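See structure below.
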Amino acid sequence: MLYYNSKKFGQTMKEIRISQNLTQKKICEKVLINQETLRKIENGIVIPKQETLDLLSIALNLDLSEMFLNYRLDNFDAFQNLKISIDEHLEDGNYKGIEEDLTHLKNIVDSNMNDFFRNKLIQLICMLEAILLEQNTQNYNLSIDKYIQALSFTLKNFTLDKYSTYYYNELELRLLMNIALAHFRLSSREQAIALIDFCINFYTSNLSTSQHALLSKLYYNMSNLQHQLGNNEKALDYAELGIQHTISARSIVALAHLYYRKGIAEFLLGKPSYLHTLTYAKNLFITSNQLNVHDNIIKACAKYYGITL
Numbered sequence: 000m001l002y003y004n005s006k007k008f009g010q011t012m013k014e015i016r017i018s019q020n021l022t023q024k025k026i027c028e029k030v031l032i033n034q035e036t037l038r039k040i041e042n043g044i045v046i047p048k049q050e051t052l053d054l055l056s057i058a059l060n061l062d063l064s065e066m067f068l069n070y071r072l073d074n075f076d077a078f079q080n081l082k083i084s085i086d087e088h089l090e091d092g093n094y095k096g097i098e099e100d101l102t103h104l105k106n107i108v109d110s111n112m113n114d115f116f117r118n119k120l121i122q123l124i125c126m127l128e129a130i131l132l133e134q135n136t137q138n139y140n141l142s143i144d145k146y147i148q149a150l151s152f153t154l155k156n157f158t159l160d161k162y163s164t165y166y167y168n169e170l171e172l173r174l175l176m177n178i179a180l181a182h183f184r185l186s187s188r189e190q191a192i193a194l195i196d197f198c199i200n201f202y203t204s205n206l207s208t209s210q211h212a213l214l215s216k217l218y219y220n221m222s223n224l225q226h227q228l229g230n231n232e233k234a235l236d237y238a239e240l241g242i243q244h245t246i247s248a249r250s251i252v253a254l255a256h257l258y259y260r261k262g263i264a265e266f267l268l269g270k271p272s273y274l275h276t277l278t279y280a281k282n283l284f285i286t287s288n289q290l291n292v293h294d295n296i297i298k299a300c301a302k303y304y305g306i307t308l
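Counting from 0, one number per residue, gives the positions in the sequence shown under numbering that gives the first Met the number 0.
Encoded structure:
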């Protein structure tokens, strides 16, 4: 499978369009391309289809298919495999595994590799370092600084006070989500909710279903934050939205967590279905091999809610 630096390609294509004094609207009228599609290509959010490249080549009088090949990334498989491992360890709360993933990431960084690929690796390294920092020291201000540093590698002059003005890819949006969670732990609750809400809206407006796991995590985290604020109806609503999305994406990522959040919300709202929901969550944790989390939710249900599973 081939991977491309879609952000750099989109930036170059935009510069070419502007140099020819062409607006997005004029391009789209000329070759009948949806303007939203062109916007996403220029912002590096989507990889263009071959037929789209052919049409844009006509509009710009330039062989974009040939140019696109210059933005291919090499040696991406190891990175993708590590991302899968990282997700599994994060879902299971396996911080020792995360430390091992961090070591492997650092070993594959090469100063001679494609700049875009290298920046993505460094972003992921910064993210894991921040997560481990939170776990080991609870220094959330320092972890936020590290997340912002990571975002600055690909979002020029990134500042948190202007977060809504940027276009994000999947990893960048995940970093923003982690900033929100750190802010919540610092009691900056309104900012945390606003950030997660922005991430959900940005995802549903701009990202494809290929990043479905991120939206599941966003719904879970919003449900959890609403739970901690005592907003049980909202916690239930977001858990159900997450479950619907995850099932429609035919994924199991975060599904057990979402059913757990739904079950706790139902319990606190006095809904008799809570026990069935929590039992289903418990079984899903076993099915997805998240045994550490399974044991923790059994203990949490008994300790905090008097629920025996």
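In this text, a Cβ means the ideal position worked out from N, Cα and C, and glycines have one as well. Bear in mind that the values here come from a model prediction, so they are computed numbers and not experimental data.
Report task. Return the chain-ordered ranges of every alpha helix (DSSP H) run that is complete within the segment 188–222 and spans a minimum of 4 residues. Result -> 188–205
Requested in this report: State buried or exposed for glutamine 134, treating a residue as buried only when at least 16 other CB atoms are found within 10 Å of its CB.
Outcome: exposed
Query raised in the report: Beta carbon of tyrosine 55, beta carbon of isoleucine 83: below 8 Å?
Result: For clarity, residue 55 is leucine in the given sequence; the question names tyrosine instead. The answer is no: Cβ separation not under 8 Å.
Query raised in the report: Is alanine 264 near the ligand NAP, in the sense that its beta carbon is under 7 Å from a heavy atom of that ligand?
Result: Among the components of this structure there are no ligands whatsoever, and the ligand NAP is therefore not found.
**Report entry** Every unbroken alpha helix (DSSP H) inside the segment 237–291 [4 residues or more]
**Finding:** 254–267, 273–286
Query raised in the report: What is the DSSP secondary structure of tyrosine 167, counted as helix, strand or coil?
Result: coil
Query raised in the report: Which of the three DSSP states, helix, strand or coil, is assigned to tyrosine 70?
Result: coil
Query - Where the alpha helix (DSSP H) through glutamine 34 begins and ends - result: 34–41
Query raised in the report: Near asparagine 220, what residues of its chain come up, given a Cβ to Cβ distance below 8 Å and the 5 sequence neighbours on each side ignored?
Result: Met176, Ala179, Leu180, Ile195
Query raised in the report: Skipping 5 residues on each side, what residues in its chain have a beta carbon closer than 7 Å to that of glutamate 171?
Result: Leu150, Thr153, Leu154
Query raised in the report: Which partner residues of tyrosine 303 appear in the DSSP bridge assignment?
Result: Bridge partners of tyrosine 303: none, in fact.
Query raised in the report: What are the partner residues of tyrosine 3, as DSSP defines its beta bridges?
Result: Arg71
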